[in-house]
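Visitor: I have a structure here, written as structure tokens, and I will follow up with some questions on it.
Here it is in structure tokens:
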């Protein structure tokens, strides 16, 4: 399927229809590429098709994943339900997110102040967005920053490690197509994944977890965060590391990618940038800084976020589903253990659904009640059903906040006098759909 399988499978669907199957090694792959197929897979047969195939490159044992993963349990078992509920109530609930709003706004302010210090210089915007989003997440999870903006922009260390880990995890692996080869790890992907996981863990939260457990044992801790919740509920260090790896990698890379794509589209479509700056200037006239509650009421920035997610969904196939039992989908038999994908990239660019689907047109959402909460099957950037992205509530707040901060306080130029029409918009496929070339920009403070 080449280096861009989402595009290849979109082309196949035009010939073979909205539901098709392919044989990859010993595995059966089923791909849905229309809203009607998505409804069947994610709603009608959600329970039967909610399983997972765990990639062989994963650095965790499957038995461990069954106990401490919200994304990769083979089925939606009792442990998965418990952990999902814990994350929903203690990490992503409205109450928790509201209590952390000031913290996220502080991180956005730090980003703005840092950019002011770099005015007129070429910066890699994605690295700064990543560091900001990572610290937003780390403050609700472990009550402190994990990275410094200056250091991240110098070496991009944490971001590059997480991106590399996600690339290794999503790389075509012969052991996934021929499971009897899995123990051999012929491509060395599992070994490489384990090394990367160890580096990420030691660079970020490992020391913090050890210190917090020690403080708890001596009765000297007073933190009220997600790590404290996990310790109070008897999670081992290994289980915490595994869950943190999942939450930090998924939560940072997808949000960073979305904001970076949004900025790229706004720079390319200058009229949309002007409209957004006008809305922010008009609505924030009495505020020194954007706040999340105010941004929720601003129609154009919300439309810009939605349009970005339509064109550039963080995961073009979501995460792969697995058929727990044989079932019938759109009059076709889906065999047990088949891997099932929903090509939401194809749905988001379907000309029978969207007018001028390749164009960035935020206004298409201004007169629409469509949202990304999993009920509109023409628009599913976070999925739907049992396996819908649990971090959706946090993304819905952090993406507009960071985007508004970048657009409201700065004008942006491309390096070397390049015109916006020349901006490279090519994609790089992976677990997250990234810009192939990093977004290098020059910030100019707005008066």
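Residue numbers (the numbering used here): 3 to 449. Beta carbons are placed, not taken as given, at the ideal position from N, Cα and C, and that holds for glycine.
Here's the rule: buried if 16 or more other CB atoms are within 10 angstroms of the residue's CB, otherwise exposed. What is residue 284?
Guide: exposed
Visitor: Between which two residues does the alpha helix (DSSP H) carrying residue 358 extend?
Guide: Segment: none, residue 358 is in no alpha helix (DSSP H) and carries neither H nor E.
Visitor: Just the Cα atoms here: how many angstroms apart are residue 260 and residue 338?
Guide: 34 angstroms
Visitor: Using a Cβ-Cβ cutoff of less than 8 angstroms, which residues in the same chain neighbour residue 345 once the five nearest sequence positions on both sides are dropped?
Guide: 8, 11, 12, 15, 33, 34, 35, 318 and 319
Visitor: Less than 8 angstroms separating the beta-carbons of residue 53 and residue 252?
Guide: In terms of Cβ geometry, residue 53 and residue 252 do not form a close pair [threshold 8 angstroms].
Visitor: Could you have a look at residue 329 and say whether DSSP puts it in helix, strand or coil?
Guide: strand
Visitor: Quick one: which unbroken beta strand (DSSP E) runs of 3-plus residues sit fully inside the stretch 4 to 78? Chain order, please.
Guide: 21 to 26 and 29 to 34
Visitor: Beta-carbon separation of residue 164 and residue 28 under 8 angstroms?
Guide: no
Visitor: Is the beta carbon of residue 128 sitting closer than 8 angstroms to the one on residue 258?
Guide: yes
Visitor: Among residues of its own chain, excluding the 5 on either side of residue 281, which ones have a beta-carbon nearer than 7 angstroms to its beta-carbon?
Guide: 300, 302 and 303
Visitor: Distance, Cα to Cα, residue 100 vs residue 363?
Guide: In this structure, the alpha-carbon of residue 100 lies about 31 angstroms from that of residue 363.
Visitor: Can you look up residue 344 in the DSSP assignment and give me helix, strand or coil?
Guide: Residue 344 falls in the strand class under three-state DSSP.
Visitor: Pop quiz: residue 432 and residue 262 are said to be a contact at Cβ under 8 angstroms. What is the actual Cβ separation, rounded to whole angstroms?
Guide: The pair is not a contact, with the Cβ atoms about 14 angstroms apart (cut-off 8 angstroms).
Visitor: Look at residue 58 and residue 209 and say whether their C-beta atoms are less than 8 angstroms apart.
Guide: no
Visitor: Give the DSSP bridge partners of residue 126, in chain order.
Guide: 442
Visitor: Roughly how many angstroms lie between the CA atoms of residue 187 and residue 177, to the nearest whole one?
Guide: 7 angstroms
Visitor: Taking its Cβ as the centre, do 16 or more other Cβ atoms sit within 10 Å of residue 287, making it buried, or is it exposed?
Guide: exposed
Visitor: Could you tell me which whole beta strand (DSSP E) segments of length 3 or greater appear in the stretch 156 to 220?
Guide: none
Visitor: Rounded to whole angstroms, what is the Cα-Cα separation between residue 79 and residue 416?
Guide: 49 angstroms
Visitor: Just to confirm, are residue 488 and residue 121 a CB contact at a threshold of 8 angstroms?
Guide: The requested residue 488 is not part of the displayed model; the chain covers only 3 to 449.
Visitor: Specify the secondary structure class of residue 436 as computed by DSSP and reduced to three states.
Guide: strand
Visitor: Could you name the residues of the same chain whose beta carbon sits closer than 6 angstroms to that of residue 61, not counting the 5 residues immediately before and after it, in chain order?
Guide: The residues are 195, 196 and 199.
Visitor: Can the beta-carbon of residue 39 be found closer than 8 angstroms to that of residue 21?
Guide: yes
Visitor: Going straight from the alpha carbon of residue 443 to that of residue 49, what length do you get?
Guide: 45 angstroms
Visitor: Quick one: what does DSSP say residue 1 is sitting in, helix, strand or coil?
Guide: Because the chain spans 3 through 449 in this model, residue 1 falls outside it and cannot be assessed.
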